[in-house]
Amino acid sequence: MNQPNSKGLMTGSAEESTEPIEWEMRPGGMLVQKRDPDAAVATGPLVKIKVSHGLFGHDVSVPAHSTFGDLKRLLVGDTGLQPSEMRLLFRGKEKEDGEPLHLAGVKDKAKIILVEDPAAREKKIQEQRRLERIAKTCHAIGNIRAEVDKYASQVSRFQTAIKSGKKPADQEMLAVSEMLMRQLLKLDGIEADGDAKAMRRTEVKRIQNLVEKIDSLRGLRMEPDPPATDPTVVVTTNWETFDNGLGSLSAPPPASDSHQNTDWETFD
């Protein structure tokens, strides 16, 4: 006869089984083979159970040897709750997942109460509120982005004008820069979380780049225009020389036939 070992495993001869059998102690002191939690719901005679969940009632049929954990998995589709979010009460006591229904006294037409775990419910509420805040924040940032798009198109117009040699009014450029700074202040007053935080950071950087671009364009606008030149005037470095020496860089040589007369005429 097989004997359980210290680890709760009962082994037999090689002919009887090639794998050890794991045992567990069930409520009431009964030693039974341990159930595989991933195994299918136990087979056997079905019992019809009425599960009360708030204002709703669910009629389910399960094998009599199923566990309360099996019952929770069957109720996922009807309740929208995960097994970890459920608490099953029978005869005023909460039941553990591994406890078999028949050992707890659950029979045909028995009534079981299902309540949502308070901690899980509170966690779900907090998560729902967080998602609502993110959605609201994204909507607000989206409105600011639409405004910034308008000013970005004006900055592009300034760039095009300056490249073509025109000078947009400095007052107009300052007005656009001021409006961008106002949008930046709006973003600074928004508390963002999750994806909304990354969205806000991207928009802040975009506005800063646009303001810096306007400052750069204003600097180009203040540069003086190059002096205008008459296209009909031709400047040359070739100097024209004349026979009498005019226009020459050197003095003309003295005449060869010139002489000085030292005889002075006297008058009475």
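Residues 1 to 268 (the UniProt record's numbering) make up the sequence shown, in order. Beta carbons: idealized from backbone N, C-alpha and C, even for Gly.
query, result
"Run through the DSSP bridge pairs and tell me what Thr67 is partnered with.", "Pro100"
"Would you grab the beta carbon distance between Lys111 and Val47 for me? Rounded to a whole angstrom, and I think it's under 8 Å.", "Not confirmed; about 12 Å, so no contact."
"If we require 4 or more residues per run, which alpha helix (DSSP H) segments fall completely within the UniProt domain \"BAG\" (144–218)?", "170–188"
"Can you tell me whether Arg87 is helix, strand or coil according to DSSP?", "strand"
"Could you tell me which residues DSSP puts in a beta bridge with Lys57?", "In the sequence under discussion, the amino acid at residue 57 is Gly, which differs from the Lys named in the question. Per DSSP, Ser52."
"Which one or two residues does DSSP pair with Glu127 in a beta bridge?", "Per DSSP, none; premise fails for Glu127."
"Tell me which residues share the same chain as Gln154 and place their Cβ nearer than 7 Å to its Cβ, disregarding the 5 neighbours each side in the sequence.", "Val176"
"Can you tell me which residues form a DSSP beta bridge with Val76?", "The partner list for Val76 (beta bridge, DSSP) is empty, contrary to what the question assumes."
"Taking the C-alpha atoms as reference points, what is the distance between Lys166 and Val211?", "20 Å"
"Excluding the 5 residues preceding and the 5 following Phe90 in the sequence, name in chain order all residues of the same chain whose CB lies nearer than 7 Å to its CB.", "Ala104, Val106 and Ile112"
"If I measure Cβ to Cβ from Val204 and keep anything under 6 Å in the same chain, skipping five residues before and after, which residues do I get?", "Leu187"
"For Glu94, write down the residues that DSSP places opposite it in a beta bridge.", "Leu89"
"Roughly how many whole angstroms lie between the Cα atoms of Ser52 and Gly80?", "14 Å"
"Let me know if Leu131 comes out buried or exposed under the rule of 16 or more other beta-carbons within 10 Å of its beta-carbon.", "exposed"
"I need the DSSP call for Leu220, collapsed to helix, strand or coil.", "helix"
"Is it buried or exposed for Ser66, if we count other Cβ within 10 angstroms and need 16 for buried?", "buried"
"When burial is assigned at 16 or more other CB atoms within 10 Å of the CB, is Asp170 buried or exposed?", "exposed"
"Considering only their Cβ atoms, is the gap separating Glu96 from Ala120 smaller than 7 Å?", "no"
"Between which two residues does the beta strand (DSSP E) carrying Lys111 extend?", "Ala110 to Glu116"
"Below 8 Å, how does it come out for the region 191–200 and the region 127–145: are there three or more Cβ pairs, yes or no?", "yes"
"Would you kindly work out how many angstroms separate the C-alpha atoms of Gly77 and Ser61, rounded to a whole number?", "14 Å"
"Quick one, which of Pro83, Leu101, Gln159 and Thr137 has its alpha-carbon nearest Gly219's?", "Gln159"
"Per DSSP, Leu46 forms a beta bridge with which residues?", "Pro63"
"Closer than 6 Å by C-beta to Ala192: which residues in its own chain qualify, once you throw out the five before and the five after it? Chain order, please.", "Thr137 and Arg200"
"Express the C-alpha separation of Ala140 and Gln82 in angstroms, rounding to a whole number.", "34 Å"
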